[in-house]
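Quick note, our numbering runs 573 ahead of the 1-based positions in the sequence shown.
Just so it is clear, CB atoms sit at the ideal spot from N, CA and C, and this is done for glycine as well.
Below is one structure, written out as structure tokens; the observations come after it.
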Amino acid sequence: ERAKQLKQKREDERKALVEQKLEQRWRDQCEEMRSILVKRNQDDVCLERAEQLRLKAEQRERQKQEERMYARMWEDDRFAKCKREEMEAALQIERNREALKVLTLQSAAIEKQQEDMKRLKEQEAELLREEAALRALEDERMKEEKKRQQ
């Protein structure tokens with residue numbers, strides 16, 4: 574039974590091959606069929622080419638969109654960077670102004686302190702001169718007092 578099935582299968586395959594070859598020979602020998610097949614082949618090639626061109630155009634369009642997107646992103650980043658740099662520069666200017674104001678105040682305070690110290694030294698020197706003058710007067714009086722008592 575198994576051998577019979579295998580034999581039948583081989584016979585069916587052989588018949589299919591013979592049928593295929595006969596059909597191939599008929600197509601090759603039939604001018605009308607050949608021109609139809611050539612036309613069909615050309616149509617298939619044209620359709621395939623049109624599909625390839627469509628796909629290529631879609632790819633180019635996607636690439637252009639991607640490039641536009643990256644250009645927008647780059648421009649947005651550039652704009653944000655410029656804004657950030659402007660803000661940082663403005664903050665730096667403000668910090669410099671504040672530092673200058675503090676330094677000016679400190680400088681004025683130091684100058685005032687120096688003037689106060691100078692004035693105090695002058696006052697102290699004046700007081701010392703007055704004290705020395707008073708002592709000299711006191712000494713003079715004591716001398717006169719001693720002379721009188723003698």
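For residue 616 and residue 607, believed in contact at Cβ under 8 Å, the rounded distance: Taking the Cβ atoms as the reference, residue 607 lies roughly 15 Å from residue 616, outside the contact range of under 8 Å.
Euclidean distance between Cα positions of residue 711 and residue 681: In this structure, the alpha-carbon of residue 711 lies about 44 Å from that of residue 681.
Coil, strand or helix - residue 639 by DSSP: Note: residue 639 maps to helix in three-state DSSP.
Rounded straight-line distance, which links the Cα of residue 588 to that of residue 632: Distance between the alpha carbons of residue 632 and residue 588 is about 48 Å.
Assigned secondary structure, residue 603 (DSSP; H/G/I helix, E/B strand, else coil): Three-state result, residue 603: coil.
Under the three-state DSSP convention, the category residue 561 falls into: Examination of residue 561 is not possible in this model, given that the chain is present from 574 through 723 alone.
Contact test: residue 576 Cβ vs the ligand ATP heavy atom, cutoff 6 Å: Within the structure as shown, the ligand ATP is missing, as the structure has no ligands at all.
Helix, strand or coil at residue 703 according to DSSP, with G and I counted as helix: Residue 703 falls in the helix class under three-state DSSP.
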